[in-house]
Amino acid sequence: MSTTNPGTTTTTRTDTTPPPAGAPSTRRRGPRPGRIALNLALLVFAAIMAAPLVWLISTSLTDPAEAFRIPPNWLPIGTTTENFRAVGELIPVGQMALNSVMVAVITTGGSLIVSVLAAYAFSRFEFRGRSSAFLIMLSAMMVPAQLLIIPVFILMRTLGLVDTLVALWLPGLIHVFSIFFLRQYFNSIPRDLDEAAILDGAGHLWILFRMLVPLSGPALSALAILVFEASWNNYFAPLIFLSTPENMTLPLGLVALQDAQAGAAPATVFAAITMIVLPVLIVFLIFQRQFVASIATAGVRG
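According to UniProt numbering, the residues represented by the sequence shown are 1 to 302, in order.
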């Protein structure tokens, strides 16, 4: 379409009609060198990061005589489960795995429940000393765990819980970072929703568990992964509290396999490490979408 003004002639092309179907596109499409280079760099970085895990799993499935060839075997040669069977003969790995699962699941579920309740109180309730109490709680994150373990051990000994699994998951129910993270997440949810629910006769527990918790699914999934991974890999606390082999968890069993059972072949130790790593990897693969969504949402909301 052209527009002509008196005294001047101006032609403005405003034809935005798309080309007919089947017509060749006039837009030039070609390779983007920058994107290709970025993808190649990411592939190389991913291969470097995944190489130790691939080597670990491959070695655990390889015959001990062929386990440490140079160059390393990236695929198992003569796949065998002999190394995993040897782990079961040297340490009570089944009982240790069950102990680790119990401690990790109870710690994860319990800490999420406690954190949700505490975060709701700090986010929605107005009471005297709320800010001071929150700052004191946050300061606990700056104290090294090696210092906190002493009073916790005295408390557990007073309660008669030393050398029991309760001594591992009971202190883990208070997870300060989870409370802080959820409190910030709840603050980002408009309070107008609370007021509307209160007008309809809803109570605080209904608002929390029927409205805020469903809206916080990505945040709860991310926290579940972090808490589960920390509890599953925890070595320091079991080393302090546990002494009976039947009560030990997998990280302690791995050290016992290396130290007390000095005859364990390196491939057997690799099989034990694989048994510890795989559950955490599976949990992450299941919840990775929620984990990434939570981190992205937290970054956007600041």
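We put the CB at the ideal spot given by N, CA and C, even for glycine. Please read all numbers here as calculations on a predicted model, not as lab measurements.
Buried/exposed call for residue i, threshold 16 Cβ in 10 Å
{"i": "G201", "result": "exposed"}
{"i": "G34", "result": "exposed"}
{"i": "I286", "result": "exposed"}
{"i": "M142", "result": "exposed"}
{"i": "S123", "result": "buried"}
{"i": "T158", "result": "exposed"}
{"i": "A222", "result": "buried"}
{"i": "N234", "result": "buried"}
{"i": "T274", "result": "buried"}
{"i": "D194", "result": "buried"}
{"i": "S58", "result": "buried"}
Coarse secondary structure for residue i, derived from DSSP in three states
{"i": "H204", "result": "helix"}
{"i": "G217", "result": "helix"}
{"i": "T9", "result": "Note that T9 scores a pLDDT of 43, beneath 50, so its modelled location is shaky; the value from the coordinates is reported in the next line. If DSSP states are grouped into helix, strand and coil, T9 belongs with the strands."}
{"i": "N99", "result": "helix"}
{"i": "M142", "result": "helix"}
{"i": "D163", "result": "coil"}
{"i": "Y235", "result": "coil"}
{"i": "T244", "result": "coil"}
{"i": "F84", "result": "helix"}
{"i": "D15", "result": "Residue confidence for D15 is low, a pLDDT of 49 falling below 50, so the modelled location carries little weight; the figure read from the coordinates is stated next. D15: coil per DSSP, three-state reduction."}
8 Å contact criterion, which residue i and residue j should meet: CB distance rounded
{"i": "A197", "j": "I207", "result": "5 Å"}
{"i": "V116", "j": "L182", "result": "6 Å"}
{"i": "L257", "j": "L90", "result": "6 Å"}
{"i": "L165", "j": "M102", "result": "6 Å"}
{"i": "M156", "j": "F241", "result": "7 Å"}
{"i": "L53", "j": "T80", "result": "Actually they are not in contact, since the Cβ atoms of L53 and T80 sit about 19 Å apart, beyond 8 Å."}
{"i": "A47", "j": "I149", "result": "Wrong, their Cβ atoms sit about 39 Å apart, outside the cutoff."}
Member of the options whose CA lies at the smallest distance from the CA of residue i
{"i": "P190", "options": "I48, F177, P71 and L212", "result": "L212"}
{"i": "A121", "options": "L165, Q184 and V93", "result": "Q184"}
{"i": "I136", "options": "G94, T274 and F180", "result": "F180"}
{"i": "T244", "options": "V152, V162 and L53", "result": "V162"}
{"i": "G203", "options": "S188, F125 and N39", "result": "F125"}
{"i": "V277", "options": "R289, Q288 and P251", "result": "P251"}
CB of residue i within 8 Å of CB of residue j, strictly
{"i": "N83", "j": "F270", "result": "yes"}
{"i": "H175", "j": "S111", "result": "yes"}
{"i": "A86", "j": "T268", "result": "yes"}
{"i": "F228", "j": "V283", "result": "yes"}
{"i": "A37", "j": "T108", "result": "no"}
{"i": "A50", "j": "S231", "result": "no"}
{"i": "A265", "j": "P64", "result": "yes"}
{"i": "I106", "j": "W169", "result": "yes"}
{"i": "residue 362", "j": "L173", "result": "The structure shown does not extend to residue 362, since the chain spans only 1 to 302, so no value can be given for it."}
Min CB distance residue i to chain D below 8 Å
{"i": "F284", "result": "Absent from the structure: chain D. Only one protein chain is present."}
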